[in-house]
Every structure is written in C-alpha cells, then in structure tokens.
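One structure is given below, encoded as structure tokens.
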Amino acid sequence: MNPIQRPMLHSRRLLLFIHQDRTTLQLLHHYDTVVYKTLTRDQRTETLWRHTVPEIAFTNEALLQALLALSALNYAIRNPDQHREFIIVSSRFQSLALQHFSANLHNINEDNCRGYFLLATFVFLLTMCSTANASILGKIISPVDVAQSFVLLQGIKTIMSVKSVEQWKADGPLSILLDEGNITEPKDSGPYLERLKQLSDLARKLEATLDPINEQTACILAIETLRSIHIKCGNDDSPSSPRRVWVWPMTLTQMFIDFISQGHPVALIILGHFTALARPYESFEWVNRGWSEVVFQAAESSLSPEWKKWIEWPKKSIKERINVNDMPVPENFEDS
285 MNPIQRPMLH SRRLLLFIHQ DRTTLQLLHH YDTVVYKTLT RDQRTETLWR
335 HTVPEIAFTN EALLQALLAL SALNYAIRNP DQHREFIIVS SRFQSLALQH
385 FSANLHNINE DNCRGYFLLA TFVFLLTMCS TANASILGKI ISPVDVAQSF
435 VLLQGIKTIM SVKSVEQWKA DGPLSILLDE GNITEPKDSG PYLERLKQLS
485 DLARKLEATL DPINEQTACI LAIETLRSIH IKCGNDDSPS SPRRVWVWPM
535 TLTQMFIDFI SQGHPVALII LGHFTALARP YESFEWVNRG WSEVVFQAAE
585 SSLSPEWKKW IEWPKKSIKE RINVNDMPVP ENFEDS
C-alpha cells in the first residue's frame, strides 16, 4: 500500500466506526499527530505505530477503544484546562477495552491474534502511563496496582502461545516488536549481579515445599530471570533494550505476582531492584517516564523497617539516577 492510499483507507474505515463523533475524531487526530511519536523510540517502529496500528484498530473495536483511551490520557496530561474532561473520556474507553479483552482472552486464534496482541500492549501502556503519571492524575499507587498491571502482561503470553515465535517474527507488521536487536557481550560480574546473588541467598531462606512453585522457588525464579535480562541488556542503550527489560514481568509466576499484591517483603525487595534496572530504559516521552520511581515508592512504603536496608542500594540508583552497572558493590548483610 502506498502512502497516498493510506489516508483514503483510513477515512473510509473511520466512517464505519466513529459515525463522525467529534471527540473521537479529535482523539484520532491527536494520536496521528502527537501520540504515535511518543511510542516511537525506535525509528523502525514509526510505520507500525502511525499506520499499522490504526489500520488494525479500524477492524478491531476494542483496540480502537484502547487507542482512543491512550490518546485521551495524553491529551489530558498535555492540556490541564481540559484535564478532568479527558480523564473521564480515557477511563470510559479504557473500561470498554478491558471488558472486551477480559471476555475474549480465551477466544483468540491465528486470525485475530494480531489485534489482540496490540490490544494487550495498549492496555499495559495505559496502566504504565497511569502509574508513571499518578501524581498528575491524583492517584496513589500501591503494590496491588503494580501486580494488576503485571497480570495484564501475562495476557500477552497467552496471545503469543497461539503461534510459534518463528511465526510471530515472520509477521511483517509486528515482527519489529519481537526483534531483540544486537545483544551486547554478556556480563558475568558487576555490582548488580553481586546484589542478585545476595537476593538469591535471602530467597533461599524462605519456606520451600514439595510443590514445584512455592514461596522460595517463585522468588528465586524472579531473581534468575532478572539476572538473565540484565545480562542481555548489559550496557546496551539501543532501541531494542526497553523491549528486553519489559520481558521480566511477563516471566513472573502467578504466585510471585500475588506476593507483590500481598506485600510479601522479599517480593517487594526484588521488585525494587527491577525498578533500578528498568529506570534508564524508560521512555524519553510521557509513556512510562517516572514509572520506576513511583513503583519503587510503592514497594518501599509497604515494607516494614527491618526490611528497608535491602532497598537502600536500588533507592540510591533511582534517586541519583545512577546506572546499576556504575553503582558501588552493595553491602552483603549476610556477612554483617
């Protein structure tokens, strides 16, 4: 499809879905002129966010609703005088998209999986935006909110299982989102890996049962996948790195996510160390800028005093904006 045909196709489909609704037209225009740029950290994804996503959205009503919800949220943040009006609009569209997503998660097949993959992505983006901009939106984020956003990422795993990874990567429009780019030379030492070893020792003191996934193994698995992702990212600041970092919540067991929601101290300490790793990979724009600090504060405020020494190291990384690779070697409390 050439660039001249795209606007014509968009216009015909618009008539089918929005019935000339003025607010919807305004939000679509806002997405097409402003929002898509904030999602394009990697220049290779510009066509995806600006053209492919709207084209698929015009054949998937729930995805269109999620797109409009994100556009309205951005508009509300950028226009304080219309903040309340567009927050309500965003909430309405987001609620409709979530209802559809939840009701149809088990009805996904190879014919509709592309739309649902993007829908799940937009839903997660919405929760990240709401978290990162909590103060502007008048919200207080708790570990329960963080856990709920991670549950939404679990939905992406369900959608991905419809086809093999090879088939997804062969799917032209979406393959760019699965491209890991050039992975840097793996690290086998460093302050962050040293701290993860210490966290593993801490987790091994938790209760273990005969069940494959228990309190101990759920935390150890979360640490091990955090280690793997850190090794893959290394010192890499390429556009592909943020996609690798956000794989971590998708790897978590349901038990570990429940631990976050319940305020389990070791789970919150591990979450705090993830925020330190993720901070340099936040968007330059509004999407998740500030997410790490907000989530860290939620974890810190839920920890009782005897556990807080375990998060001083990631706290320094976040507050002083120091990459975890450049932090001093953390103190080992087990030796003290």
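In our numbering, the protein residues as written are 285 to 620. For each residue, glycine too, the CB sits at the ideal point set by N, CA and C.
Taken through DSSP and simplified to helix, strand or coil, serine 567 comes out as coil.
Sixteen is the threshold: when 16 or more other Cβ atoms of the shown chains lie within 10 Å of the Cβ of glycine 556, as they do, the residue is buried. Rounded to the nearest whole angstrom, the CA to CA distance from serine 601 to methionine 611 is 7 Å. Going by C-alpha positions, threonine 307 is about 19 Å away from valine 337. In this structure, the beta-carbon distance from tyrosine 476 to histidine 514 falls below 7 Å.
One Cα belongs to aspartate 326, the other to phenylalanine 406, and the distance between them is close to 17 Å. Per DSSP, the continuous alpha helix (DSSP H) segment holding asparagine 358 begins and ends at 345-362.
Here methionine 534 is near leucine 437, since their CB atoms are less than 7 Å apart. The residue among Lys423, Ser459, Trp530, Leu505 with its C-alpha nearest the C-alpha of cysteine 517 is Trp530.
For glycine 439, the uninterrupted alpha helix (DSSP H) run begins and ends at 427-444, by DSSP.
Boundaries cannot be given for histidine 548, as no alpha helix (DSSP H) includes it and DSSP labels it neither H nor E. Taking the C-beta atoms as reference points, isoleucine 544 is found nearer than 7 Å to proline 427. Taking C-beta separations shorter than 8 Å and ignoring five residues to either side along the sequence, the partners of serine 586 in its chain run Ser426, Pro427, Gly547, Leu552, following chain order.
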